[in-house]
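Student: These protein sequences, in sequence, are chains A and B.
At position 111 of the first sequence the residue is numbered 111 (my numbering), and the sequence of numbers has no breaks.
Heads up, my numbering is the position in the second sequence plus 236, with the first residue counted as 1.
There are 2 protein chains.
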Amino acid sequence: MTVWDRPEPPHRPVPLDRERIVAAAVALADEGGLAAVSVRKVAARLDAGPMRLYGFISTKDELFDLMMDAVYAEILPGEPPGDWREALHGLAHRTRRAALRHPWLADLLGGRPALGPNALAVSEATLAALDGLADIDTAMRAVETVSAYFTGAIRRELADLRAEHATGLSRSEWQRTRGPYLTGMLDTGRFPALAKAVYDGAHVDAEETFATGLDWVLDAVAARLTGIDGRGAPGR
Amino acid sequence: MTVWDRPEPPHRPVPLDRERIVAAAVALADEGGLAAVSVRKVAARLDAGPMRLYGFISTKDELFDLMMDAVYAEILPGEPPGDWREALHGLAHRTRRAALRHPWLADLLGGRPALGPNALAVSEATLAALDGLADIDTAMRAVETVSAYFTGAIRRELADLRAEHATGLSRSEWQRTRGPYLTGMLDTGRFPALAKAVYDGAHVDAEETFATGLDWVLDAVAARLTGIDGRGAPGR
DNA sequence: CTCATGTCGATACACTGTATTGTCGCTCTA
DNA sequence: TAGAGCGACAATACAGTGTATCGACATGAG
């Protein structure tokens, strides 16, 4: 029985694991946004039937969870930070850069609790950088407050960015599309303060806005961390 | 020709407007989350065919925009705030309460630029409260920073809340579901700082966490607003 | 060599957003 | 008053979605 007689071995299914699945899903999302990630398309990229994936995940949301955690791997600090401020500063900026690389991250950020191993590692590294500087509750508040800030800021930045890009040519095209409505509204005179802000504002670039707001928040944290009794000035 | 001879007039379509459409959509979302809002279901609530809605919106996303703006009406300050801090404080808390009434708001917050009339009115009222206290750019930064904070904080709070509720009975059931995995991970010893935080943390309630973080951020804003030269302490 | 097992793919279902097309009542004109 | 145009509405259609179910089949054990 020569090779010629023997039929080709039956098409063995491609071996699959979560890593390959997530990589395919992330690639799809990078190309076409979260909406482009469908169970069928991910499976197709892996030469598998759609139902195959349900051996590894039990719901599409879980696929999103895995994608999130894959990105948290990019957010992990490369080397131990010098101090707590550098740790939080770095965390915020790395998260932002990850979101710029993977715009769909903005849709997921803060959407569900991040409990994957990489997300936990990020939390660990961050909390560790605050160790000994304050009681645990203050440290957690610090992390949560800063995280809340950059989550919100990143979401807004990417929402704006997407709104611009959606119209086609960025900026000029956008001004022509959204402009008429907005200028129309502002010219009604019902929003004088807003109009002044829009017309007289400096329109600083996104990164600087992000960095500045972050510094404000970090200053607030510093005030509590370095306060004599750990409480700092009373709020309100 | 009596009434009896005359046939019933043909079924006249229910008059429709955006307000009714949005009200129906909001009701559906309140009951079953954003996922429960489908063009068909909204239309069905109004005794209309699905395509009917496309005379008022051109895309489902636009329906979401309208829903958002409807909620912004609830966020508008009832009376003029006493000072800038009260304005921002009130804005944050009203937004949070709106999100607790309409949990789906968390999915939309910060997702797309809010340009509806009510959103603009909210921005106007907020910026107006800061008028004269600083240059325009500083005022905008203040609003954006605080907004970023409470957007992120609200999203996280509702994500956690949803994760708890999803398992069925809140808290105890949740501990039993997510608990095993989390404790398992923490007990590996790979996350000592995180483990300490989870086990020794005080687990303060959500509203206090929100309020405290907000006060921190407001303090940071205050430092810039009342600074002699409007810049306050240099960051980083 | 046979049989049980468990993995994989096909099929199916209920549903989605939206384009297209047809219909029908109203209003304006001759 | 008859007709014609028009605009709003509904029905149908299509391509795609997440996921449950089920049948087949290659692989391992006996």
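Heads up, the beta-carbon is just placed ideally off N, CA and C, and yes, glycines get one too.
Let me see if you follow: with CB-CB separation under 8 Å, is L127 (chain A) close to chain B or not?
Tutor: Along the first sequence, one-based indexing puts residue 127 (chain A) at 127. By this cut-off, L127 (chain A) is an interface position.
Student: Judging by CA-CA distance, which residue of A:M68, A:P180, A:R190 and A:G111 is the nearest neighbour of A119 (chain A)?
Tutor: As a first step, residue 119 (chain A) is located in the first sequence; it is residue number 119 there, counting from the start. That would be A:M68, whose Cα lies nearest to the Cα of A119 (chain A).
Student: Can you tell me the Cβ-Cβ gap for A163 (chain A) and P349 (chain B), rounded? I've got them flagged as a contact below 8 Å.
Tutor: Counted from its first residue, the first sequence places residue 163 (chain A) at position 163. Counted from its first residue, the second sequence places residue 349 (chain B) at position 113. Yes, A163 (chain A) and P349 (chain B) are in contact; Cβ-Cβ is about 5 Å, under 8 Å.
Student: How is V250 (chain B) classed by DSSP in three states: helix, strand or coil?
Tutor: Taking the first residue of the second sequence as position 1, residue 250 (chain B) is located at position 14. Three-state DSSP puts V250 (chain B) in coil, outside helix and strand.
Student: Thinking C-beta only, is R254 (chain B) closer than 8 Å to F292 (chain B)?
Tutor: Walking along the second sequence from the start, residue 292 (chain B) turns up at place 56. Walking along the second sequence from the start, residue 254 (chain B) turns up at place 18. In this structure, F292 (chain B) lies near R254 (chain B), with their beta-carbon atoms less than 8 Å apart.
Student: Give the residues of chain B in contact with K196 (chain A), contact being defined as C-beta atoms less than 7 Å apart.
Tutor: Position 196 of the first sequence, counting from 1, holds the residue named residue 196 (chain A). What K196 (chain A) touches in chain B: I372.
Student: For the alpha helix (DSSP H) that L397 (chain B) lies in, which residues bound it at each end?
Tutor: As a working mapping, residue 397 (chain B) is identified with position 161 in the second sequence. I372 to A402 is the extent of the alpha helix (DSSP H) around L397 (chain B).
Student: Which whole-angstrom value describes the C-beta separation of R45 (chain A) and A29 (chain A), a residue pair presumed to lie in contact below a C-beta threshold of 8 Å?
Tutor: Working through the first sequence from its first residue, we reach residue 45 (chain A) at position 45. Working through the first sequence from its first residue, we reach residue 29 (chain A) at position 29. Actually they are not in contact, since the Cβ atoms of R45 (chain A) and A29 (chain A) sit about 12 Å apart, beyond 8 Å.
Student: Express the C-alpha separation of D373 (chain B) and E86 (chain A) in angstroms, rounding to a whole number.
Tutor: Numbered from 1 along the first sequence, position 86 holds the residue referred to as residue 86 (chain A). Numbered from 1 along the second sequence, position 137 holds the residue referred to as residue 373 (chain B). Cα-Cα distance, rounded: 26 Å.
Student: Could you tell me which of B:L363, B:A306 and B:G347 sits nearest to D319 (chain B), measuring between CA atoms?
Tutor: Position 83 of the second sequence holds residue 319 (chain B). Put simply, of B:L363, B:A306 and B:G347 the residue whose alpha carbon is nearest the alpha carbon of D319 (chain B) is B:L363.
Student: Is the shortest distance between the beta-carbon of D131 (chain A) and the beta-carbons of chain B less than 8 Å?
Tutor: Walking along the first sequence from the start, residue 131 (chain A) turns up at place 131. Interface residue, yes.
Student: Name the residue from A:P80, A:H89, A:Y181 and A:K60 whose alpha carbon lies nearest to the alpha carbon of D147 (chain A).
Tutor: In the first sequence, the residue the question calls residue 147 (chain A) occupies position 147. It is worth fixing the name first, because residue 147 (chain A) is Ser in this sequence and not Asp. Here the closest residue by C-alpha is A:H89.
Student: Count the other CB atoms within 10 Å of the CB of T59 (chain A); is the residue buried (16 or more) or exposed (fewer)?
Tutor: Within the first sequence, numbered from 1, the residue matching residue 59 (chain A) stands at position 59. Counting C-beta atoms within 10 angstroms of its own C-beta, T59 (chain A) has fewer than 16 neighbours from the protein chains shown and is therefore classed as exposed.
Student: Measure the alpha-carbon distance for I21 (chain A) versus G420 (chain B) and round it to whole angstroms.
Tutor: Your numbering for residue 21 (chain A) matches position 21 in the first sequence. Your numbering for residue 420 (chain B) matches position 184 in the second sequence. About 25 Å.
Student: Identify whether H329 (chain B) lies in helix, strand or coil by the three-state DSSP scheme.
Tutor: Here residue 329 (chain B) is taken as the residue at index 93 of the second sequence, counted from 1. Looking at H329 (chain B) - three-state DSSP - the assignment turns out to be helix.
Student: What is the residue span of the alpha helix (DSSP H) that F64 (chain A) lies within?
Tutor: Numbered from its first residue, the first sequence carries residue 64 (chain A) at position 64. Run containing F64 (chain A): K60 to I75, per the alpha helix (DSSP H) assignment.
Student: For T387 (chain B), count neighbouring C-beta atoms within 10 Å of its own C-beta (all shown protein chains included) and say buried if the count is 16 or more, exposed if not.
Tutor: Here residue 387 (chain B) corresponds to residue number 151 of the second sequence, with the count starting at 1. Buried.
Student: What residues in its chain sit with their C-beta under 7 Å from that of Y149 (chain A), if we drop five residues either side in the sequence?
Tutor: For the purposes of this step, residue 149 (chain A) is identified with residue 149 of the first sequence, where counting begins at 1. Only G213, L214 and V217 meet the Cβ criterion.
Student: Could you check if M287 (chain B) is buried or exposed, using at least 16 other CB atoms within 10 Å of its CB as the buried criterion?
Tutor: Your numbering for residue 287 (chain B) matches position 51 in the second sequence. Flag for M287 (chain B) reads exposed.
Student: Out of A:E208, A:V198 and A:D135, state which residue places its alpha-carbon closest to the alpha-carbon of K432 (chain B).
Tutor: Here residue 432 (chain B) corresponds to residue number 196 of the second sequence, with the count starting at 1. Nearest option by C-alpha distance: A:D135.
Student: In the stretch 52-63 of chain A, which residues sit with their C-beta less than 7 Å from some C-beta in chain B, listed in chain order?
Tutor: Hits within the stretch: zero.
Student: Taking 8 Å as the CB-CB limit, is E79 (chain A) close to chain B?
Tutor: Position 79 of the first sequence, counted from the start, is the residue given in the question as residue 79 (chain A). Chain B, which has no Cβ nearer than 8 Å to the Cβ of E79 (chain A), makes this no.
Student: Do L252 (chain B) and W340 (chain B) have their C-beta atoms closer together than 8 Å?
Tutor: As a position in the second sequence, residue 252 (chain B) is number 16, starting the count at 1. As a position in the second sequence, residue 340 (chain B) is number 104, starting the count at 1. Cβ atoms of L252 (chain B) and W340 (chain B): not closer than 8 Å.
Student: Taking the straight line between their C-alpha atoms, what separation do you get for A36 (chain A) and A459 (chain B)?
Tutor: What you label residue 36 (chain A) is simply residue 36 of the first sequence in a count that begins at 1. What you label residue 459 (chain B) is simply residue 223 of the second sequence in a count that begins at 1. Per the coordinates, the alpha-carbon of A36 (chain A) lies some 45 Å from the alpha-carbon of A459 (chain B).
Student: Does the CB of A429 (chain B) have a neighbour CB from chain A at under 8 Å?
Tutor: By 1-based counting over the second sequence, the position of residue 429 (chain B) is 193. Chain A, which has a Cβ nearer than 8 Å to the Cβ of A429 (chain B), makes this yes.
Student: Are the C-beta of M304 (chain B) and some C-beta of chain A separated by less than 8 Å?
Tutor: Taking the second sequence and counting its residues from 1, the one referred to as residue 304 (chain B) is at position 68. No - not a single Cβ of chain A is within 8 Å of the one on M304 (chain B).
Student: Starting from the Cα of G347 (chain B), find the closest Cα among A:T145, A:R156, A:H165 and A:Y54 and give me that residue.
Tutor: Counting from one through the second sequence, the residue named residue 347 (chain B) turns up at place 111. The candidate whose alpha carbon is nearest that of G347 (chain B) is A:R156.
Student: How many angstroms separate the CA atom of P192 (chain A) from the CA atom of P180 (chain A)?
Tutor: On the first sequence, position 192 is the one that residue 192 (chain A) refers to. On the first sequence, position 180 is the one that residue 180 (chain A) refers to. The straight-line gap from Cα to Cα measures roughly 17 Å.
Student: Considering only their Cβ atoms, is the gap separating V122 (chain A) from A98 (chain A) smaller than 8 Å?
Tutor: For this step, residue 98 (chain A) is matched to residue 98 along the first sequence. For this step, residue 122 (chain A) is matched to residue 122 along the first sequence. Cβ distance not < 8 Å, so A98 (chain A) and V122 (chain A) don't count as in contact.
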